[in-house]
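Undergrad: Residue numbers (UniProt numbering): 1 to 166.
#1: Measuring straight from C-alpha to C-alpha, what distance separates residue 70 and residue 62?
#2: Given a cut-off of 7 Å on the beta-carbon distance, is the pair residue 149 and residue 31 in contact?
#3: Out of curiosity, what's the CA-to-CA distance linking residue 75 and residue 41?
#4: Suppose the cutoff is 7 Å on Cβ atoms and the five residues either side in sequence are ignored; what does the same chain contact list for residue 147 look like?
#5: Could you check the C-alpha separation between residue 84 and residue 155 for me, to the nearest Å?
#6: How should residue 123 be labelled, buried or exposed, when 16 other C-beta atoms within 10 angstroms of its C-beta is the threshold for buried?
#7: Go ahead and label residue 1 buried or exposed: buried means 16 or more other beta carbons lie within 10 angstroms of its beta carbon, across all protein chains shown.
#8: Is it a yes or a no for the stretch 94-103 touching the stretch 134-146, going by three-plus beta-carbon pairs under 8 Å?
#9: With DSSP run on the structure shown, which of helix, strand or coil describes residue 153?
#10: According to DSSP, is residue 26 part of a helix, a strand, or is it coil?
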């Protein structure tokens, strides 16, 4: 039951993420709201990368960021970021489909070279917070980036101010 509920949300929200990433024009990729923030390209790449964390989160009890290889791909074009998203979301979908939900309450932690970054937490909480909610947070940021650069925001939960019927 847990897996089916997560899978339904995953599929719905992956489609929303797809809409949002497809709304990014190349002209907005280098924009960032301040020196402390990522560029639009870096933020979009991070959103695509979250889907690459599914295997290590669902299938292991320790995610070692010290050995993790971040492959952002080519972020100079919006289309290549979308392609990386599609690659990662397909792997994430397969991971979720194959997950044995009996491990939902296993303790999971994130480390880097033996140092605990994310303390032991039930895996299901990590899935909801670290994978799902973390992604939604960054999508919200990306919406602000799109608005700030004068671009339209696609409707994800109904019409937006950019829809003529709104």
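Note that beta-carbon positions come from the ideal geometry of N, C-alpha and C, so glycine has one too.
None of these values were measured; they are calculated from a predicted model.
TA: Reading from the atomic positions:
#1: 17 Å
#2: yes
#3: 6 Å
#4: 153
#5: 22 Å
#6: buried
#7: exposed
#8: The answer is no - the stretch 134-146 does not touch the stretch 94-103, with fewer than three Cβ pairs under 8 Å.
#9: Taken through DSSP and simplified to helix, strand or coil, residue 153 comes out as coil.
#10: helix
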